[in-house]
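Scroll down for the structure; my scribbles are underneath it.
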Amino acid sequence: MNLTRYVLRRLAISVPTLLVATFACFLLVAAAGDPLAEARSRPGANQAAIAVLAHELRLDEGVVPRYFHWLGAFLSGDWGSSIALEPVFDKVTSAYGVTFGLVIGAEVLALVTGVLVGVVAAVRRYRLADHLATALAFLLFAMPVFCIALLLKDLAVQINGWVRELGLTGLLGNPWIRTSSPESTDARGFGDFVVKYIGAYLLPTLSIMAVSFAGYSRFQRASMLETLNTDYVRTARAKGISPARVVFRHAFRNALIPVATLFSVNFGVVISGAVITERVFNWNGMGSVLVDAVNADDPYLLMGWIVLIGATVVVANLVADVFYGVLDPRIRVG
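The opening residue of the sequence shown carries number 2 in the working numbering; numbering runs sequentially from there.
Below, the structure is given as structure tokens:
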């Protein structure tokens, strides 16, 4: 089976999966209750106006007809309106762009550094490099993301204070390390904008990257150790091939397959779990949308959030499936 047919077959499986997931989520969101219940219970509430709003939002219909109407409109580009009558598409896609830009950078950095550290730890098994990598991974595993984010933010505040005390704000900027979202970046010129934008990304990227790095490094170490003990690697060594060529030419490619699985699963989890990091650093991303939707019991805003996150998970798994096919053509068979 060629790669194109393999991708189309995986895509044909992914789309129905996403549709079933949207239906299940729509039922769960509808079961959460009437989103206008609080407005109805207020003293002196205009019940006629609330009834008109409920009709506009189609809350007076059954769940199943409402789902299919919502799905048809959604597929045509109309994602509906929130309880505040704001377009869901604009609000969710804007927030998604903020979160995706943050998470993709953190995940790519975590993947590259985690794989490299995992390979070094496997090759240098039970030596100092392996012990240091293991200790760092376990330390990061043990620390919750919000704890890492708060520690980094507190450290950045102290460093910014030292920069001000030393009179270096003219050279390094004030603050030197940003502790808030890039929306608050007041830059003068393109170069200043780039520096401040990177500074705004630095702390939340490191926070999200920390836990992912620990997982990638441990998976890569275990997978690399298993591959290095296979017969074909021992045969390559017996032929006198150099150790570096054995590792990177013969073992590294097959050892990447389990890490690709972890990346596809982890990416969806991280992008939906960036809520805490965004709240710590005041980012108006998907975390803010989720909190607003849950607090307001807003069904269509919540569905917009769920669909985008679900689509991200499906696409990440599709990319991982394609990656498997590239790494090991035997997977495409059958």
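Positions of the beta carbon are idealized from the N, C-alpha and C atoms, including for glycine.
Residue of the options minimising C-alpha distance to residue i
| i | options | result |
| --- | --- | --- |
| Ser77 | Ile84, Phe69 and Ser83 | Phe69 |
| Val302 | Ser289, Thr313 and Val314 | Looking at the sequence provided, one finds Leu at residue 302 rather than Val. If we check each option's Cα against that of Leu302, Ser289 comes out closest. |
| Val248 | Leu152, Leu110, Ala261 and Tyr233 | Tyr233 |
| Leu204 | Asp293, Leu37, Glu166 and Phe282 | Phe282 |
| Met287 | Gln48, Ile105 and Val99 | Val99 |
| Asp35 | Ala55, Pro17, Gly45 and Thr18 | Ala55 |
| Leu12 | Asn318, Gly168 and Leu117 | Asn318 |
| Asp155 | Asp131, Ser181, Val270 and Val266 | Ser181 |
| Val295 | Val30, Thr23 and Ala22 | Val30 |
| Gly115 | Gly106, Ala138 and Leu129 | Ala138 |
| Asn230 | Ala136, Val124 and Val89 | Val124 |
| Met304 | Asp79, Ala46 and Ala49 | Asp79 |
| Asp298 | Glu62, Pro145 and Leu37 | Leu37 |
| Glu279 | Ala25, Val316, Leu151 and Pro44 | Leu151 |
| Leu145 | His132, Val120, Ala215 and Leu169 | Looking at the sequence shown, residue 145 is not Leu but Pro. The candidate whose alpha carbon is nearest that of Pro145 is Ala215. |
| Asn285 | Phe101, Ala239, Pro244 and Leu167 | Phe101 |
| Pro244 | Ala136, Leu167, Glu62 and Val120 | Val120 |
Cβ pair residue i, residue j closer than 8 Å
| i | j | result |
| --- | --- | --- |
| Ile272 | Phe147 | no |
| Val64 | Leu20 | no |
| Ala321 | Phe253 | no |
| Gly200 | Arg222 | no |
| Thr228 | Ala256 | yes |
| Phe220 | Glu108 | no |
| Ala111 | Tyr202 | no |
| Arg126 | Leu207 | no |
| Ala40 | Ile51 | yes |
| Val260 | Ser213 | no |
| Val158 | Ala134 | no |
| Gly326 | Tyr7 | yes |
| Leu58 | Ser95 | no |
| Leu72 | Thr23 | yes |
| Ala130 | Ala143 | no |
With 16 other Cβ atoms within 10 Å as the buried cut-off, status of residue i
| i | result |
| --- | --- |
| Val16 | exposed |
| Pro300 | buried |
| Trp306 | buried |
| Ile14 | exposed |
| Thr18 | exposed |
| Asp293 | buried |
| Glu87 | exposed |
| Thr5 | exposed |
| Val89 | buried |
| Val53 | exposed |
| Val113 | exposed |
| Trp163 | exposed |
| Leu153 | buried |
For residue i, the residue or residues it bridges with in DSSP
| i | result |
| --- | --- |
| Ser82 | Pro88 |
Close Cβ partners of residue i (< 6 Å) along its chain, the five nearest in sequence each way excluded
| i | result |
| --- | --- |
| Phe75 | none |
| Ala338 | Residue 338 falls outside the range modelled here, since the chain spans only 2 to 335, and no answer is possible. |
| Thr313 | Gly269 and Ile272 |
| Gly45 | none |
| Cys26 | Ile307 |
Contact set for residue i: own chain, Cβ-Cβ below 7 Å, skip 5 residues either direction
| i | result |
| --- | --- |
| Asn175 | Arg165 |
| Leu42 | In the sequence as displayed, the identity of residue 42 is Ser instead of Leu. Hits under 7 Å: none found. |
| Leu309 | Val93 and Tyr97 |
| Leu291 | Val276 and Trp306 |
| Thr170 | Val164 |
| Ala85 | none |
Cβ shell of residue i (< 8 Å), same chain only, five flanking positions each side left out
| i | result |
| --- | --- |
| Val104 | Ile209, Phe268, Val271, Ile272 and Ala275 |
| His251 | Tyr233, Val234, Ala237 and Ile242 |
| Leu328 | Arg254, Asn255, Leu257, Ile258 and Ala261 |
| Gln48 | Arg41 |
| Val323 | Leu4, Tyr7, Val8 and Arg11 |
| Ile160 | Trp177 and Ile178 |
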